[in-house]
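Worksheet for the structure shown next.
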Amino acid sequence: MANLILQLQDYRLTTAEILYHMPDHPQLLQTYLWQEYDLAPHFPELKRFLDFWARQIDGKLHSVRVANKKLITADDMRICREEYLLN
Numbered sequence: 293m294a295n296l297i298l299q300l301q302d303y304r305l306t307t308a309e310i311l312y313h314m315p316d317h318p319q320l321l322q323t324y325l326w327q328e329y330d331l332a333p334h335f336p337e338l339k340r341f342l343d344f345w346a347r348q349i350d351g352k353l354h355s356v357r358v359a360n361k362k363l364i365t366a367d368d369m370r371i372c373r374e375e376y377l378l379n
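See the structure below:
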């Protein structure tokens with residue numbers, strides 16, 4: 293239910309492909325996929341995660357590629373006046 297509420301507040305499913313240098317072998321790149329509901333175009337949740345990464349994780353960030361998709365809009369919601377159950 294919490295995800296539905298976020299989507300109605302214009303949060304979008306956001307996926308970030310994070311490339312980072314491996315701590316033991318800095319010349320090699322590793323991929324990490326991050327996915328969460330976030331607000332486009334400023335992406336505060338992603339920024340918070342990347343700040344955490346820069347402070348706490350040894351692998352230096354190389355690049356981040358972001359994609360997002362609005363799944364449900366307020367126009368998709370309708371009030372149901374009656375409900376019938378069939379056995």
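Counting along the sequence shown from 1, when you hit position 78 you're at 370 in this note's numbering, and nothing is skipped either side.
Just so it is clear, CB atoms sit at the ideal spot from N, CA and C, and this is done for glycine as well.
(message) When you compare the CB positions of Ala346 and Leu353, do they come within less than 8 Å of one another, or not?
(response) yes
(message) In chain order, what are the residue ranges of uninterrupted beta strand (DSSP E) at least 3 long that sit wholly in the stretch 304-330?
(response) 304-313 and 321-330
(request) Just tell me which of Ala332, Leu296, Tyr312 and Ala359 has its CA closest to the CA of Thr323. (result) Tyr312
(request) Report, in whole angstroms, the separation of the C-beta atoms of Asp247 and Asn360, which I expect to be a contact under 8 Å. (result) Given that the chain is displayed from residue 293 to residue 379, the structure contains no residue 247 and the question cannot be resolved.
(request) Consult DSSP for Lys339 and reduce its assignment to one of helix, strand or coil. (result) helix
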